[in-house]
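Participant:
2 protein chains.
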Amino acid sequence: MPGGPPWWQRRFKGYGYRLTLPRQIILDVLSRTSRHLSAEEVYMAVRRIYPAIGLTTVYRTLDLLAQMGLISKFDFGDGRNRYELTAGPGSEHHHHLICISCGRIIDYTDFIDDEVEFLSMIGKTLSKKYNFKINTHQLQFYGLCDKCR
Amino acid sequence: MPGGPPWWQRRFKGYGYRLTLPRQIILDVLSRTSRHLSAEEVYMAVRRIYPAIGLTTVYRTLDLLAQMGLISKFDFGDGRNRYELTAGPGSEHHHHLICISCGRIIDYTDFIDDEVEFLSMIGKTLSKKYNFKINTHQLQFYGLCDKCR
DNA sequence: TAGTTATTGAAAATGGTTTCCATTATCATT
DNA sequence: AATGATAATGGAAACCATTTTCAATAACTA
Chain A
0 MPGGPPWWQR RFKGYGYRLT LPRQIILDVL SRTSRHLSAE EVYMAVRRIY
50 PAIGLTTVYR TLDLLAQMGL ISKFDFGDGR NRYELTAGPG SEHHHHLICI
100 SCGRIIDYTD FIDDEVEFLS MIGKTLSKKY NFKINTHQLQ FYGLCDKCR
Chain B
0 MPGGPPWWQR RFKGYGYRLT LPRQIILDVL SRTSRHLSAE EVYMAVRRIY
50 PAIGLTTVYR TLDLLAQMGL ISKFDFGDGR NRYELTAGPG SEHHHHLICI
100 SCGRIIDYTD FIDDEVEFLS MIGKTLSKKY NFKINTHQLQ FYGLCDKCR
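Protein sequences appear in the order of chains A and B.
Per numbering that gives the first Met the number 0, residue 0 is the first one in the first sequence, and the count goes up by one each step.
Per numbering that gives the first Met the number 0, residue 0 is the first one in the second sequence, and the count goes up by one each step.
(1) ASN134 of chain A: buried (16+ other C-beta within 10 angstroms of its C-beta) or exposed?
(2) Suppose contacts are defined by Cβ-Cβ distances below 8 Å. Is ILE70 of chain A in contact with VAL45 of chain A by that definition?
(3) Grouping DSSP H, G and I as helix and E and B as strand, with all else coil, what is SER30 of chain B?
(4) Just list the residues that DSSP pairs TYR82 of chain B with in beta bridges.
(5) Between the Cα of HIS92 of chain B and those of B:CYS147, B:SER33, B:ILE111 and B:ILE99, spot the shortest distance and give me the residue it belongs to.
(6) What residues are listed by DSSP as bridge partners for LEU96 of chain B?
(7) So if I threshold CB-CB distances at 9 Å, which residues from the region 127-144 of chain B count as touching chain A?
(8) Mapping the DSSP letters down to three states, classify LYS12 of chain A as helix, strand or coil.
(9) Using a C-beta cutoff of 8 Å, does LEU96 of chain A count as contacting chain B?
(10) Could you tell me which chain A residues have their CB closer than 7 Å to the CB of LEU125 of chain B, listed as they occur along the chain?
(11) What number of angstroms, rounded off, separates the C-alpha of HIS136 of chain B from the C-alpha of GLN8 of chain A?
(12) Measuring alpha carbon to alpha carbon, tell me which residue in B:ALA86, B:TYR129, B:SER90 and B:TYR16 is nearest ARG59 of chain B.
(13) Under 6 Å Cβ to Cβ from PRO1 of chain A, same chain only, skipping five residues before and after it: list those, please.
(14) Distance check for SER100 of chain B and GLY130 of chain B, CA to CA, integer angstroms please.
(15) Tell me, please, whether the CB atom of TYR16 of chain B is closer than 8 Å to any CB atom in chain A?
(16) Just the C-alpha distance for ASP74 of chain A and ILE48 of chain B, rounded to the nearest angstrom, thanks.
(17) Would SER30 of chain B and GLY122 of chain B qualify as a contact pair, given that the criterion is a beta-carbon distance under 8 Å?
(18) Please list the residues of the region 45-61 of chain B that have a C-beta atom closer than 8 Å to any C-beta atom in chain A, keeping them in chain order.
(19) Give the DSSP-derived three-state secondary structure of THR55 of chain A in the structure shown.
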């Protein structure tokens, strides 16, 4: 556990953004927790450490972090957006299985290499054909988890 | 253009649902229009033919049709759900390119066969490993369209 | 250390979707 | 074709995640 400035500080400076306490705590929460937090959940978690935090700030910061590419924003169809770390230590590229009954989300990394290769190959061709600059993709499987089927 | 009862009537009977005017018109609108209508847009379109329609009914019917598998519900990230026919004549399996700047949605069918084969192969294995019954998948590419890049 | 200005937080506004409930329409049965 | 049980409808209000507004505060620069 080496100390030193957290890995994201330089990223903020680079963008010209200020490194504030709320932002650091939100990032910290996201980097510790397992996954897929909603804005409300992030708010709750940050609140324990920094009670003065406002929900508004959480929303703004999550948008900022997503725009910076540090986190990813997902919509799993339950009416609220969810966020998870995409960069930095401890994060790993993965896709999702989403239970349409209980809402459970299963991360899987099986086939990820194959998938990424396949998708980027397709992306490249689509990019050319439609003159479309692809930033990201989303692949998710919907169905029933073992408890709900 | 053969007459006869629309292809979906039997589907309704089968489910024990009543075949009402609002439902028929909503389905008709969806089967005529090009694509990706929001509930509001469906409401507007139905209104021209059947002014007494209520927005509530549109939402309820869209949910019903989605549940019946006749239409698919998508969230492209612009804050409203969108619906399109998945079954019946004139519909074709496809995936989407979504412009994160202007919101434009491009349907593509290139590689569809390869994609479906690849995804169902993956799906089959995931299904087994996680004991998860997969109903549908969603694959979408996000980026900038030719006008926005 | 002071000044500029990005950032914050509370409250109110927004907007898509859902709930409530009295009225209406569909369909099986007569 | 008329009846009755009940599914379906539509308008208003409720919901709830997210966004906007704006005065107060904090971060960085000079």
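Even glycine gets a Cβ: it sits at the ideal position worked out from N, Cα and C.
Facilitator: To lay it out plainly:
(1) The residue labelled residue 134 of chain A in the question sits at position 135 within the first sequence. Under this definition ASN134 of chain A is an exposed residue.
(2) As a first step, residue 70 of chain A is located in the first sequence; it is residue number 71 there, counting from the start. As a first step, residue 45 of chain A is located in the first sequence; it is residue number 46 there, counting from the start. One thing to note: ILE70 of chain A has its Cβ no nearer than 8 Å to the Cβ of VAL45 of chain A.
(3) The residue you call residue 30 of chain B lines up with position 31 of the second sequence. When DSSP states are grouped into helix, strand and coil, SER30 of chain B belongs to the helix group.
(4) For this step, residue 82 of chain B is matched to residue 83 along the second sequence. B:LEU36 and B:LYS72.
(5) Start at 1 with the first residue of the second sequence, and residue 92 of chain B comes out as number 93. Checking every option, the nearest Cα to that of HIS92 of chain B belongs to B:ILE111.
(6) Counted from its first residue, the second sequence places residue 96 of chain B at position 97. Bridge partners of LEU96 of chain B: B:ILE105 and B:PHE140.
(7) Correct list: LYS128, TYR129, ASN130, PHE131, LYS132, ILE133, ASN134, THR135, HIS136, GLN137, LEU138, GLN139, PHE140, TYR141, GLY142, LEU143 and CYS144.
(8) The residue given as residue 12 of chain A occupies position 13 in the first sequence. LYS12 of chain A falls in the helix class under three-state DSSP.
(9) Along the first sequence, one-based indexing puts residue 96 of chain A at 97. Output row for LEU96 of chain A: interface = yes.
(10) For this step, residue 125 of chain B is matched to residue 126 along the second sequence. Correct list: LEU96, TYR107, ASP109 and PHE140.
(11) For this step, residue 136 of chain B is matched to residue 137 along the second sequence. For this step, residue 8 of chain A is matched to residue 9 along the first sequence. If I take the Cα positions, the gap works out to 37 Å.
(12) Counting from one through the second sequence, the residue named residue 59 of chain B turns up at place 60. Selected option, being the one with the closest Cα: B:TYR16.
(13) In the first sequence, the residue the question calls residue 1 of chain A occupies position 2. Because PRO1 of chain A carries a pLDDT of 48, less than 50, the predicted location of this residue cannot be relied on, and the following value inherits that uncertainty. If you ignore the 5 residues before and after PRO1 of chain A, its C-beta comes within less than 6 Å of no other C-beta in its own chain.
(14) Within the second sequence, residue 130 of chain B is the residue found at index 131, counting from 1. Within the second sequence, residue 100 of chain B is the residue found at index 101, counting from 1. Here residue 130 of chain B turns out to be Asn, not Gly, going by the sequence shown. ASN130 of chain B and SER100 of chain B have their C-alpha atoms some 38 Å from each other.
(15) Residue 16 of chain B sits at position 17 when you count from the first residue of the second sequence. No, no contact with chain A.
(16) In the first sequence, residue 74 of chain A corresponds to position 75, counting from 1. In the second sequence, residue 48 of chain B corresponds to position 49, counting from 1. Their backbone Cα atoms lie some 34 Å apart in a straight line.
(17) Counting from 1 along the second sequence, the entry for residue 30 of chain B is found at position 31. Counting from 1 along the second sequence, the entry for residue 122 of chain B is found at position 123. Cβ distance not < 8 Å, so SER30 of chain B and GLY122 of chain B don't count as in contact.
(18) none
(19) For the purposes of this step, residue 55 of chain A is identified with residue 56 of the first sequence, where counting begins at 1. THR55 of chain A: helix per DSSP, three-state reduction.
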